[in-house]
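Reading through the structure tokens given below for one structure.
In structure tokens, the structure reads:
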């Protein structure tokens, strides 16, 4: 028996968790090729938000759409990123429904790779979305006032935030009973977080009870920090809060998600 | 005696109040096809999932290739291939990408993953569709790809959980041929099925399970002889005569004949060999023209009915624990 085993295992190494994660990430990105709607969605949706908000509400909120563009672009960037995680949640959930997870779990591969690969693929999407929105913003007249360091800082902040949200959404994805439930829970979570924040309007313009929520909303810290990095201004307070939030959320939901993934039938 | 390739002892597993496995003992000889037969919800899928390290048993022990599934799941995963009830392939990738991905995940280098993928696509007659999205595949093609995916690592043990459910007869036959070839190469196959003819044709040994328990085991011939007797089937030329035929058969068989209205067949189980001649004479005396008359050994369907008190198909519609355990969130 043992001789057979070793012959069969020949030419196979264990492969590291990293290579498994990269393989899964590659798989998830390859899916875009046959699902072009995904690419269209992740490209056009944030652009649509940008155009609609800037030109529909810009004048009313900030006096002119040009000025509002400066204020809104960092927020809409973050808001768009918050929706990227849906792909992780839906994708994981569908893998469970289709039995693909059974196959993965019956393979001698790292248990963390299926979730990790999803999130890595999301990170790539986030980078794409960020560049699209920022590039389009510049075409519309957005100007960076925080310098190159600020721009790089903002970019890093946004990508880190995207990964954090993906863990949260992955948690929903492995727990929800169906893709429909993923959508319900996802929107219930993401919509209030994005709107009841400083994405579209400054917190000071809101009623007191709402301000209280807006101020503790992690998204507000991320948006404030991103905005400060892109436009110039005091960064530290918001950035520290944002980083703490991201670390806490990841530290809680990453292990919960992986544990749930292992145990779910 | 040869060491069993797969062995379970007193395997038990409950889902809430449902006892999915209630003390299952199995012994599978290496290089054979072992059929796990039973209606939906009998515990077949649960047994496979335990042996595939997907769930842990509550009680008992399961060894695969000398490794305990609970204490050495990693080693077991290295030896097995699993094809489940649903074609577990990525619909948004091409057939080749699916197989390449599995190769990479089990630790094959890039080149080897690519050549293994091509080799399998070739031998499963999927080479023409290799670069097409699985989304565009037919049900039969998906099943074949799914089976190919479970073979990427040349597993010693192949678990096939209802591999031909929902397949057209031609794809089914093709799959049977493939399974026989694998076994000829030394693979040990554990097959679950609701189709008795499938177990009949493929399995060297069959275990019938119901409500999480083994209720019978042996070769197909042994199981058939267990029920005893032979089956006499008569179809009258005139559909109106089937009732009369049934009562004549019942007279000397000593039991009520079963009448199948659609096919106009009257069936009885008989134990003496003289019964056939008797039947012919009596039917002739009664002047009933006969279209078809056959004496045969019971099918596994009838064996199953005799053992469980219900037919395999009767429960096929019932939602099973096999399915619900999957959706427990």
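Residue numbers (my numbering), protein chains in the order written: chain A, 93 to 357; chain B, 10 to 338. Even for Gly, the Cβ is constructed at its ideal location relative to N, Cα and C. For clarity, every value in this text was computed on a predicted model and none was experimentally measured.
Task: Contacting residues, own chain, Cβ-Cβ under 7 Å from residue 99(B) (five flanking each side not counted) - done: Residues 107 and 143 of the same chain have their beta carbon placed closer than 7 Å to that of residue 99(B), with the five preceding and five following residues left out of the count.
TODO: Pair every Cβ in the region 310-330 of chain A with every Cβ in the region 175-186 of chain A, then say whether three or more of these pairs are closer than 8 Å.
DONE: Contact fails: fewer than three Cβ-Cβ distances are below 8 Å.
Open item on the list: Could you compute how far the alpha carbon of residue 290(A) sits from the alpha carbon of residue 310(A)?
Closed with: Their backbone Cα atoms lie some 10 Å apart in a straight line.
Open item on the list: If you measure between the beta carbons of residue 69(B) and residue 25(B), is that distance less than 8 Å?
Closed with: The Cβ atoms of residue 69(B) and residue 25(B) do not sit closer than 8 Å to each other.
Open item on the list: Distance check for residue 198(B) and residue 14(B), CA to CA, integer angstroms please.
Closed with: Distance between the alpha carbons of residue 14(B) and residue 198(B) is about 10 Å.
- [ ] Going by CA-CA distance only, name the one from 272(B), 256(B) and 211(B) that's closest to residue 43(B).
- [x] The residue with the shortest Cα to Cα distance from residue 43(B) is 211(B).
TODO: Name, please, each residue of chain B whose Cβ falls closer than 7 Å to the Cβ of residue 198(A).
DONE: Ordered by position in chain B, the residues that pass the 7 Å Cβ test against residue 198(A) are 61, 62, 63, 86, 89 and 91.
TODO: With DSSP collapsed to three states, give me the class of residue 243(B).
DONE: Of the three classes helix, strand and coil, the one that applies to residue 243(B) here is strand, per DSSP.
- [ ] Check whether the region 159-167 of chain B touches the region 69-88 of chain B, counting contact only when three or more Cβ pairs, one atom from each stretch, lie closer than 8 Å.
- [x] Segments in contact, yes.
Task: CB contact check: residue 194(A) to chain B, cutoff 8 Å - done: True, the Cβ-Cβ gap to chain B drops below 8 Å.
Task: Neighbouring residues, chain A, relative to residue 110(B) (Cβ below 9 Å) - done: Within 9 Å Cβ-Cβ: 115, 116, 118, 119 and 122.
- [ ] Could you tell me which of 57(B), 41(B) and 312(B) sits nearest to residue 194(B), measuring between CA atoms?
- [x] Of the listed residues, the one whose Cα sits closest to residue 194(B) is 41(B).
Task: For residue 132(B) and residue 63(B), the rounded distance between their alpha carbons - done: Approximately 29 Å, taken between the alpha carbons.
- [ ] Report the partner residues of residue 112(A) according to the DSSP bridge assignment.
- [x] Residue 112(A) is bridged by DSSP to nothing; it lacks a bridge partner.
Open item on the list: Would residue 302(B) pass as an interface residue toward chain A - the criterion being a Cβ-Cβ separation below 8 Å?
Closed with: Not a single C-beta of chain A is nearer than 8 Å to the C-beta of residue 302(B).
TODO: For residue 102(B), return the contacting residues in chain A, with the cut-off set at a CB-CB distance below 8 Å.
DONE: Per Cβ cutoff of 8 Å: 119, 122, 123 and 126.
Task: Where the beta strand (DSSP E) containing residue 267(B) begins and where it ends - done: Counting along the chain, residue 267(B) sits inside the beta strand (DSSP E) bounded by residues 267-269.
Task: Residue-chain proximity (residue 207(B), chain A), Cβ-Cβ < 8 Å - done: So, not an interface residue.
Open item on the list: Strictly below 7 Å CB to CB, what residues from chain B border residue 191(A)?
Closed with: Those within 7 Å of residue 191(A) in chain B are 93, 95 and 97.
Open item on the list: Is there a Cβ of chain A sitting closer than 8 Å to that of residue 306(B), yes or no?
Closed with: It does not: the Cβ of residue 306(B) has no partner Cβ on chain A nearer than 8 Å.
Open item on the list: Quick check on the DSSP output: what are the complete alpha helix (DSSP H) runs of length 4 or more inside the region 138-218 of chain B, in order along the chain?
Closed with: Listed in chain order, they are 148-160, 178-193 and 205-211.
Task: Nonlocal neighbours in the same chain, by C-beta distance under 7 Å from residue 261(A), ignoring five residues either side - done: Excluding sequence positions up to five before and after residue 261(A), its CB lies within less than 7 Å of the CB of 177, 178, 180, 181 and 278, all in the same chain and listed in chain order.
Open item on the list: On the CB-based measure, 16 or more other CB atoms within 10 Å of its CB, does residue 119(B) come out buried or exposed?
Closed with: By the Cβ neighbour-count rule, residue 119(B) is exposed, with fewer than 16 other Cβ atoms within 10 Å of its own.
TODO: For residue 112(A), return the contacting residues in chain B, with the cut-off set at a CB-CB distance below 7 Å.
DONE: Residues of chain B passing the Cβ test: 114.
TODO: Determine, using beta carbons only, whether residue 52(B) comes closer than 8 Å to chain A.
DONE: It does not; no Cβ of chain A falls within 8 Å.
Open item on the list: Checking 8 Å against the spacing of the C-beta atoms, do residue 134(A) and residue 220(A) come in under that value?
Closed with: In this structure, residue 134(A) sits near residue 220(A), with a CB-CB distance shorter than 8 Å.
Task: C-alpha distance - residue 58(B) paired with residue 150(A), whole-angstrom precision - done: Cα-Cα distance, rounded: 57 Å.
Task: Cβ pair count under 8 Å reaching 3, the region 212-227 of chain B against the region 238-245 of chain B - done: By the C-beta criterion, the region 212-227 of chain B is judged not to be in contact with the region 238-245 of chain B, since fewer than 3 inter-stretch pairs fall below 8 Å.
Task: Neighbouring residues, chain A, relative to residue 83(B) (Cβ below 7 Å) - done: What residue 83(B) touches in chain A: 200.
Task: Nearest to residue 284(A) (by Cα), restricted to the options 266(A), 312(A) and 264(A) - done: Closest by alpha carbon: 312(A).
Task: Beta carbon proximity, residue 144(B) to chain C, threshold 8 Å - done: This model lacks chain C altogether, as its protein chains are A and B.
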